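Enquirer: Once you've had a glance at the structure underneath, I'll fire off some questions.
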Amino acid sequence: MHSIDLTNCDREPIHIPGKIQSHGFLLAVNSQNFNITYASENLVNHLGESATALLDQPLQNLIDLLANLGVEIELEAILALGKSQGFDLINPYKLTIKGNPYYLILHRSAENYILEFEIATLQYDVQHIIGKSVAEILLNRSLNGLLEKAAAEVKRLIEYDRVMIYKFQEDGHGEVVAEEKNEELEPFFGLHYPASDIPKQARELYKLNMTRIIADVYTESAAIATFNNDAPLDLTHSTLRAVSPIHIQYLKNMGVASSFSISLLLNGELWGLIACHNYSPKFIDYKAREGCKLIGNILSSALEFREAEFNNENDQVYQTAVDALSEQLESDPEIISALTKHKTNLLDANSATGVAIIYEKKIYTLGQTPAMEQLEPLINWLKLTMNDSIYYTHQLSAHYKPALSFAKTASGIIACLLSKSMGELIIWFKQETLATMYWAGNPEKPVEKSEVGMLNLSPRNSFESFTEIVKNTAPKWSTSEINGALKLREKITNTINKRADEIRLLNERLKLAYEELDTFSYTISHDLRTPLTAIKSYTELFLARNKNIEDKNVQLLDRVLVGADKMRFLIDEILKLARVGRADIELAHINVQEMINDICQTVVSAYKADHMSIEIGNCPAIDGDTILINQVFTNIISNAVKYSTKSINPTITINGEEVNGEIIYKIADNGIGIEVDNHDKVFELFRRMENVKDFEGTGVGLAIVKRIVERHNGRIWFESELDKGTTFYLSFKKL
Amino acid sequence: MMSTPDIFYVEDDPDYAFILQTAIGEIQEELKLSIVEDGRDAIDQLRLFSDEKNLPKLILLDLNLPGLSGLDILKTIKEMPHLKYIPVILFSTSDNPQDVKASYEFGANAYVTKPDGYNNLLTCLKTMHEFWFLQNRGLN
Numbered sequence: 006m007h008s009i010d011l012t013n014c015d016r017e018p019i020h021i022p023g024k025i026q027s028h029g030f031l032l033a034v035n036s037q038n039f040n041i042t043y044a045s046e047n048l049v050n051h052l053g054e055s056a057t058a059l060l061d062q063p064l065q066n067l068i069d070l071l072a073n074l075g076v077e078i079e080l081e082a083i084l085a086l087g088k089s090q091g092f093d094l095i096n097p098y099k100l101t102i103k104g105n106p107y108y109l110i111l112h113r114s115a116e117n118y119i120l121e122f123e124i125a126t127l128q129y130d131v132q133h134i135i136g137k138s139v140a141e142i143l144l145n146r147s148l149n150g151l152l153e154k155a156a157a158e159v160k161r162l163i164e165y166d167r168v169m170i171y172k173f174q175e176d177g178h179g180e181v182v183a184e185e186k187n188e189e190l191e192p193f194f195g196l197h198y199p200a201s202d203i204p205k206q207a208r209e210l211y212k213l214n215m216t217r218i219i220a221d222v223y224t225e226s227a228a229i230a231t232f233n234n235d236a237p238l239d240l241t242h243s244t245l246r247a248v249s250p251i252h253i254q255y256l257k258n259m260g261v262a263s264s265f266s267i268s269l270l271l272n273g274e275l276w277g278l279i280a281c282h283n284y285s286p287k288f289i290d291y292k293a294r295e296g297c298k299l300i301g302n303i304l305s306s307a308l309e310f311r312e313a314e315f316n317n318e319n320d321q322v323y324q325t326a327v328d329a330l331s332e333q334l335e336s337d338p339e340i341i342s343a344l345t346k347h348k349t350n351l352l353d354a355n356s357a358t359g360v361a362i363i364y365e366k367k368i369y370t371l372g373q374t375p376a377m378e379q380l381e382p383l384i385n386w387l388k389l390t391m392n393d394s395i396y397y398t399h400q401l402s403a404h405y406k407p408a409l410s411f412a413k414t415a416s417g418i419i420a421c422l423l424s425k426s427m428g429e430l431i432i433w434f435k436q437e438t439l440a441t442m443y444w445a446g447n448p449e450k451p452v453e454k455s456e457v458g459m460l461n462l463s464p465r466n467s468f469e470s471f472t473e474i475v476k477n478t479a480p481k482w483s484t485s486e487i488n489g490a491l492k493l494r495e496k497i498t499n500t501i502n503k504r505a506d507e508i509r510l511l512n513e514r515l516k517l518a519y520e521e522l523d524t525f526s527y528t529i530s531h532d533l534r535t536p537l538t539a540i541k542s543y544t545e546l547f548l549a550r551n552k553n554i555e556d557k558n559v560q561l562l563d564r565v566l567v568g569a570d571k572m573r574f575l576i577d578e579i580l581k582l583a584r585v586g587r588a589d590i591e592l593a594h595i596n597v598q599e600m601i602n603d604i605c606q607t608v609v610s611a612y613k614a615d616h617m618s619i620e621i622g623n624c625p626a627i628d629g630d631t632i633l634i635n636q637v638f639t640n641i642i643s644n645a646v647k648y649s650t651k652s653i654n655p656t657i658t659i660n661g662e663e664v665n666g667e668i669i670y671k672i673a674d675n676g677i678g679i680e681v682d683n684h685d686k687v688f689e690l691f692r693r694m695e696n697v698k699d700f701e702g703t704g705v706g707l708a709i710v711k712r713i714v715e716r717h718n719g720r721i722w723f724e725s726e727l728d729k730g731t732t733f734y735l736s737f738k739k740l
Numbered sequence: 690m691m692s693t694p695d696i697f698y699v700e701d702d703p704d705y706a707f708i709l710q711t712a713i714g715e716i717q718e719e720l721k722l723s724i725v726e727d728g729r730d731a732i733d734q735l736r737l738f739s740d741e742k743n744l745p746k747l748i749l750l751d752l753n754l755p756g757l758s759g760l761d762i763l764k765t766i767k768e769m770p771h772l773k774y775i776p777v778i779l780f781s782t783s784d785n786p787q788d789v790k791a792s793y794e795f796g797a798n799a800y801v802t803k804p805d806g807y808n809n810l811l812t813c814l815k816t817m818h819e820f821w822f823l824q825n826r827g828l829n
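Heads up: the protein sequence lines correspond to chains B and A, in order.
Position in the first sequence counted from 1, then plus 5, gives you my numbering.
Position in the second sequence counted from 1, then plus 689, gives you my numbering.
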């Protein structure tokens, strides 16, 4: 016994089912001798005569039978006319049997004329409605608009519960690209169906028959009786052709009672279908079907030029995005920001679902990308293997095995090399085809057996075989996407180069400005001293010569002197700082031990801090400018002493150590400490902390220290806790 | 023949010159002070003293002068045979170590940072006067 699955469909001879749908009846007449060759067994229900009784009888027997039922029809003349002029001219031929309106639909199948009778149900003229529908449909400029409107108009015409436009993709699987449905129904829009759902020969039939109705999946088909059992009647063009039981089961599983489809052709190939479902049996009158056929034809021809438009539409969108990105690169000085932070970002430039930029040793990502630990090896692989400026694939895992682990997010990539030497690149990622689709079924769900043991056929069960084809594969990149990436790459590298030149220039100017600023502060402070001295001197002289002025006036002049002194002090501090910038560094091997001993003595006596315990540990020599380094240690040790004079058991420890080619000095005190919030501000000029108001100082000392350390290419940092103490670290390169 | 001053002072800042003059007057009225504002005038004047072999007892040089700087004048003085033994004190607002170093290298006998204010100047000059004119009279 064969297992039943949808792959069997490919082998099923669906054009010769030997049965018809039972909503009409069928006869076939030999085109040579006009003898009746085939008759459907349900003839008896419509004409009251058994099919077998008519078999191998002359056509006249049928004419007589019809005549008895009150139908006057010159069948021979009609067949003759059809033969010479074509049956389209005649179809449908309306007649009334036993008071019921019928259509006779004729066509030729090999040596037989096939006569199909079906009930006519339409009470009004459908032509008028169709004319209006077509006009409505064609009003739409975009392809999507066109499809949506077509679905809507077809639904209006046939009044089915659901009308979908189903588009076949390159690989044969289908996607619902437009849908018009009753509100209460679950939407199928955007769903994908495996290629096997509509087998090959069924597709061929769709190309031949522009419409196809399955009137009621729940009625039994009627067998076709014949005396010639070896030659089944070819029902390729039959409107009544019975439906494959596999397809019937498929529809039943979807809950569909009536199904109607209109073929959409593009350049002679099946582009898609207008697929209509009704959840209760609903027959469609021949004329309404013909109207739908017309809509299908018009839509097909509209597709022919709009399809090209549709493809170009994407290209246009990508092109616009690339242009927008180029403009952003011009206006935004930050490359990364220009590519990721604006209205248009790198993801708009193509169909990618994620992108990573590797720039200045950092990785920036947008959208869905492999995880960092997957990304890094991929980047290294690309850096190693990329020879051209661009590399792209829609099957990454075929070239780079580790990509299997992230095939869902990145089966397709475009990698653009920005700089090989710097290892800078942009990588676009595109999801696996499977991941981007909403399958009309749960691929995880196993095939179930129904009660009668027949396998439950539905789109769900045909998923597996399709998966194999599209696994680890993304939709292909288009030429315009590749070109766009190349264009963007060129723009970015140009911008980077331009930017680098600008930065180099800016750096030089900054250096110059810095030097000028030092000279300026030096000169200005120096020049300020002279008038300040004059102010102070004249004031003092005036006081010296006028001993008899009132005390309160003397006090006023004293304020002038205090102000002048304060200003002088500040100017001196600025001078010191400016001098650090101007001074040439004269490198010497400094005996730090000696230097620190001297400094400590001086500082202790200056602050009258004899009660202070100073522990001096290792003091390795360093290379630097003796005067400037002396200033560094003096300032740091002075601060340590100054800010711990009021502590209980004030202790200062000084120790130097060599760590990885650096000599790091650690100067720790148990003084007042620095508040965490202020950690950033400590080295700023004239910045003094809240808690040092009671201590003298200007806020220049540490600025000077930092400047000197930096001029020695060293580092300075500190750890501190309020009221616990501060530890400063000074690091100098060992030469 | 013009009278030779005890102190020859080169200073372009009239304020400081005035203050200094006042201070010296307060210390010893008869001490003669001659003030020249410009480097070239100073050198001409010094040449004249040299020619007349009538030298000042002390030269005070401001460092920052328009045209020739104090260091230029110092250099010239130390190159002139008669003048080079006159003690020269560089008298400047600058306390830049480089200036100090250069001054000594050019032969300054002392480098004094200009005292700040009249009172400090007076104290400073008193000490200087004591040293140069009273205690070490023999040197002159």
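Cβ atoms here follow ideal geometry from the backbone N, Cα and C, with glycine treated the same way.
In this text, all values refer to a predicted model and were calculated from it rather than measured experimentally.
Tell me where the alpha helix (DSSP H) around B/W722 begins and ends.
Expert: Residue numbering aside, residue 722 of chain B sits at position 717 when the first sequence is read from its first letter. B/W722 -> not in any alpha helix (DSSP H); beta strand (DSSP E) instead, spanning 720-726.
Enquirer: What residues in the segment 628-655 of chain B bring their beta carbon closer than 7 Å to a beta carbon of chain A?
Expert: I632
Enquirer: Report yes or no: is there a C-beta of chain B within less than 8 Å of the C-beta of A/D740?
Expert: Sequence index remark: in the second sequence, residue 740 of chain A carries index 51 (1-based). Chain B contact via Cβ: absent.
Enquirer: Helix, strand or coil: which one does DSSP assign to B/G458?
Expert: Numbered from 1 along the first sequence, position 453 holds the residue referred to as residue 458 of chain B. Summary for B/G458: the model assigns pLDDT 36, below 50, so the residue's position carries little reliability; its value from the coordinates is reported in the next sentence. Residue state, collapsed to three classes: coil.
Enquirer: Do B/G719 and B/K739 have their beta-carbon atoms positioned less than 8 Å apart in this structure?
Expert: On the first sequence, residue 739 of chain B is found 734 positions in, with the first residue counted as 1. On the first sequence, residue 719 of chain B is found 714 positions in, with the first residue counted as 1. When the beta-carbon positions are compared, B/K739 and B/G719 stay at least 8 Å from each other.
Enquirer: Answer yes or no: does any C-beta atom of chain B fall closer than 8 Å to that of A/K746?
Expert: Position 57 of the second sequence holds residue 746 of chain A. Nearest CB-CB separation between A/K746 and chain B: not below the 8 Å threshold.
Enquirer: Using 8 Å as the cut-off, can you tell me whether the segment 710-726 of chain B makes contact with the segment 633-643 of chain B, which would need three or more C-beta pairs spanning the two stretches below that distance?
Expert: yes
Enquirer: Looking only at its chain, what residues have a beta carbon closer than 8 Å to the beta carbon of B/S485, apart from the 5 residues adjacent to it on each side?
Expert: On the first sequence, residue 485 of chain B is found 480 positions in, with the first residue counted as 1. Once the five neighbours on either side are set aside, the close Cβ partners of B/S485 are N319, D320, Y323, Q324.
Enquirer: Compare the C-beta of A/M690 with all C-beta atoms of chain B and state if any pair is closer than 8 Å.
Expert: For the purposes of this step, residue 690 of chain A is identified with residue 1 of the second sequence, where counting begins at 1. Confidence is the limiting factor: at A/M690 the pLDDT is only 43, short of 50, which leaves the residue's position unreliable and the question unanswerable from this model.
Enquirer: Apply the 10 Å Cβ neighbour rule to B/F688 and answer buried if 16 or more other Cβ atoms are within range, or exposed otherwise.
Expert: Looking up residue 688 of chain B in the first sequence gives position 683. With 16 or more other Cβ atoms within 10 Å, it is buried.
Enquirer: Using a Cβ-Cβ cut-off of 7 Å (strictly less than) and excluding sequence neighbours within five positions of B/I709, which residues of its own chain qualify?
Expert: By one-based count along the first sequence, residue 709 of chain B stands at place 704. Result list for B/I709: K581, L582, V585, Q636, N640, in chain order.
Enquirer: Measuring straight from C-alpha to C-alpha, what distance separates A/L735 and B/N602?
Expert: Translated into positions along the second sequence, residue 735 of chain A becomes position 46. Translated into positions along the first sequence, residue 602 of chain B becomes position 597. Whole-angstrom Cα-Cα distance: 48 Å.
Enquirer: Once DSSP output is grouped into helix, strand and coil, what is the label at B/Y165?
Expert: Within the first sequence, numbered from 1, the residue matching residue 165 of chain B stands at position 160. Coil at B/Y165, not helix or strand.
Enquirer: Please classify B/E560 as buried or exposed, where buried requires at least 16 neighbouring CB atoms within 10 angstroms.
Expert: Start at 1 with the first residue of the first sequence, and residue 560 of chain B comes out as number 555. In the sequence under discussion, the amino acid at residue 560 of chain B is Gln, which differs from the Glu named in the question. Exposed: under 16 other Cβ atoms inside 10 Å.
Enquirer: Since A/K803 meets chain B, which of its residues come closer than 7 Å, beta carbon to beta carbon?
Expert: As a working mapping, residue 803 of chain A is identified with position 114 in the second sequence. Ordered by position in chain B, the residues that pass the 7 Å Cβ test against A/K803 are T538.
Enquirer: Given a cut-off of 8 Å on the beta-carbon distance, is the pair B/P22 and B/R246 in contact?
Expert: Position 17 of the first sequence, counting from 1, holds the residue named residue 22 of chain B. Position 241 of the first sequence, counting from 1, holds the residue named residue 246 of chain B. Cβ atoms of B/P22 and B/R246: closer than 8 Å.
Enquirer: For B/R246, list the residues DSSP reports as bridge partners.
Expert: Along the first sequence, one-based indexing puts residue 246 of chain B at 241. According to DSSP, B/R246 bridges with B/I25.
Enquirer: Jot down the residue ranges of each uninterrupted beta strand (DSSP E) in the segment 201-282 of chain B, minimum 3 residues, whole runs only, in chain order.
Expert: Uninterrupted beta strand (DSSP E) stretches at least 3 residues long and entirely within the segment 201-282 of chain B occur at 216-219, 227-231, 263-271, given in chain order.
Enquirer: Tell me where the beta strand (DSSP E) around B/I672 begins and ends.
Expert: Numbered from 1 along the first sequence, position 667 holds the residue referred to as residue 672 of chain B. 667-674 is the span of the beta strand (DSSP E), which, as asked, contains B/I672.
Enquirer: Please list the residues of the segment 784-810 of chain A that have a C-beta atom closer than 9 Å to any C-beta atom in chain B, keeping them in chain order.
Expert: Per Cβ criterion, the list reads D784, N785, P786, Q787, K803, P804, D805, G806, Y807, N808, N809, L810.
Enquirer: Quick one: give me the first and last residue of the alpha helix (DSSP H) that B/H404 is part of.
Expert: Taking the first sequence and counting its residues from 1, the one referred to as residue 404 of chain B is at position 399. Unbroken alpha helix (DSSP H) run through B/H404: 401-404.
Enquirer: Within 8 Å of any Cβ in chain A, is that where the Cβ of B/L517 sits?
Expert: As a working note, residue 517 of chain B is residue 512 in the first sequence. No, because no Cβ of chain A sits closer than 8 Å to the Cβ of B/L517.
Enquirer: Residues of chain B with a CB under 7 Å from the CB of A/I716: which are they?
Expert: In the second sequence, residue 716 of chain A corresponds to position 27, counting from 1. Going along chain B, no residue has its Cβ under 7 Å from A/I716, so there is no contact; the nearest lies around 13 Å.
Enquirer: Run through chain A and tell me which residues come within less than 8 Å of B/L546, C-beta to C-beta.
Expert: Numbered from 1 along the first sequence, position 541 holds the residue referred to as residue 546 of chain B. Simply I708, T711, Y807.
Enquirer: What does the alpha-carbon distance come out to for the pair B/I432 and B/A326?
Expert: As a position in the first sequence, residue 432 of chain B is number 427, starting the count at 1. As a position in the first sequence, residue 326 of chain B is number 321, starting the count at 1. Using only the alpha carbons, I get a separation of about 17 Å.
Enquirer: Indicate the three-state DSSP secondary structure (helix, strand or coil) for B/E185 in the structure shown.
Expert: Taking the first sequence and counting its residues from 1, the one referred to as residue 185 of chain B is at position 180. B/E185: strand per DSSP, three-state reduction.
Enquirer: Smallest Cα separation from B/L60: which of B/F232, B/K541, B/L522, B/L271?
Expert: For the purposes of this step, residue 60 of chain B is identified with residue 55 of the first sequence, where counting begins at 1. When each option's Cα is compared against that of B/L60, the closest is B/F232.
Enquirer: Should B/K450 go down as buried or exposed, given a rule of 16 or more other Cβ atoms within 10 Å for buried?
Expert: Taking the first residue of the first sequence as position 1, residue 450 of chain B is located at position 445. Unreliable positioning characterises B/K450 in this predicted model, as indicated by a pLDDT of 39, which lies under 50. The coordinate reading is nonetheless provided below. By the neighbour-count rule (16 or more Cβ atoms within 10 Å), B/K450 is not buried but exposed.
Enquirer: Quick check on B/Y527: does DSSP put it in helix, strand or coil?
Expert: Within the first sequence, the letter at position 522 stands for residue 527 of chain B. Here B/Y527 sits in helix by DSSP.
Enquirer: Which word fits B/L351, buried or exposed, when buried means at least 16 other C-beta atoms lie within 10 angstroms of its C-beta?
Expert: One-based indexing of the first sequence puts residue 351 of chain B at position 346. The residue in question, B/L351, is buried, as its Cβ has 16 or more Cβ neighbours within 10 Å.
Enquirer: Would you report the Cα separation of B/V565 and B/I529, rounded to the nearest angstrom?
Expert: In the first sequence, residue 565 of chain B corresponds to position 560, counting from 1. In the first sequence, residue 529 of chain B corresponds to position 524, counting from 1. Their backbone Cα atoms lie some 21 Å apart in a straight line.
Enquirer: Three or more C-beta pairs closer than 8 Å, one from the segment 503-513 of chain B and one from the segment 422-432 of chain B: is that the case here?
Expert: no
Enquirer: Have a look at the DSSP bridge pairing and note the partners of B/Y171.
Expert: In the first sequence, counting from the first residue as 1, residue 171 of chain B sits at position 166. According to DSSP, B/Y171 bridges with B/V181, B/L278.
Enquirer: Step through the CB atoms of chain C and report whether any lies within less than 8 Å of the CB of A/D702.
Expert: Of the protein chains in this structure, namely B and A, none is chain C.
Enquirer: Does the CB of A/I696 have a neighbour CB from chain B at under 8 Å?
Expert: Position 7 of the second sequence, counted from the start, is the residue given in the question as residue 696 of chain A. It does not: the Cβ of A/I696 has no partner Cβ on chain B nearer than 8 Å.
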